[in-house]
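Numbering (our numbering), first residue to last: 70 to 264.
Backbone N, C-alpha and C define an ideal beta-carbon position, used for all residues, glycine too.
Please read all numbers here as calculations on a predicted model, not as lab measurements.
Structure (structure tokens):
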């Protein structure tokens, strides 16, 4: 029986680095953001239905994310329409990944908006990556093209870190790589031991 571990955390908390640590231990990681990129790419399953709903977003056989973002800006109806198209396709991609890795003791499902999207029902347990707000702020604003305004906008769409931590089965502190790695190893040992 494969244990489905949901991995989540707010922007700048170190989720990508932590996901790599699970991979290094030999556990497959499914990335929700990568799945969306695949679905939007030429030939991706989301291209035809999104282009039908939002024709201006079709570009070179794929969905132009920049134009899509502009189309959705401030339009909650358009966002709901997009979610109706994309969410089932992402869920299908995730289920396929889990089936393909059924022989692994743990499959890590990297889902940035796990709690916000009510995806915790699809996993067996949740690990939240977390650090202090100063470190988070510094990490995010060091990203190319990131502004304070965009950072605030992203944060406003995400559940507060304290709430995520309260709902998590495990918390992975990402203040240091060593601390994060030790937490990841401990989680894997606990899951494998209790399987």
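Original post:
the ligand COA heavy atoms versus the CB of residue 126: any closer than 7 Å?
Top reply: Here there are no bound small molecules, and the ligand COA is not part of this structure.
**OP:** Output the boundary residues of the alpha helix (DSSP H) element that contains residue 251.
**Re:** Taking the first residue of the chain shown as position 1, residue 251 is located at position 182. Its alpha helix (DSSP H) spans residues 246 to 263.
Subject >> Where residue 180 falls: helix, strand or coil (DSSP) >> reply: Here residue 180 corresponds to residue number 111 of the chain shown, with the count starting at 1. Residue 180 sits in coil when the DSSP states are folded into three classes, being neither helix nor strand.
**OP:** State the DSSP-derived secondary structure class of residue 193, mapped to helix, strand or coil.
**Re:** By 1-based counting over the chain shown, the position of residue 193 is 124. DSSP places residue 193 in coil when its eight states are reduced to three.
Original post:
In whole angstroms, what is the alpha-carbon distance linking residue 98 and residue 74?
Top reply: Position 29 of the chain shown, counting from 1, holds the residue named residue 98. Position 5 of the chain shown, counting from 1, holds the residue named residue 74. Rounded to whole angstroms, residue 98 and residue 74 show a C-alpha spacing of 9 Å.
Original post:
What are the start and end residues of the alpha helix (DSSP H) that includes residue 233?
Top reply: Within the chain shown, residue 233 is the residue found at index 164, counting from 1. Where residue 233 is concerned, the enclosing alpha helix (DSSP H) stretches over 230 to 236.
Original post:
So, helix, strand or coil for residue 138, using DSSP?
Top reply: On the chain shown, residue 138 is found 69 positions in, with the first residue counted as 1. Three-state DSSP puts residue 138 in a helix.
Original post:
Closest to residue 246 by CA distance: which of 200, 149, 102, 264 is it?
Top reply: For the purposes of this step, residue 246 is taken as the residue at position 177 of the chain shown. Nearest C-alpha to residue 246: 200.
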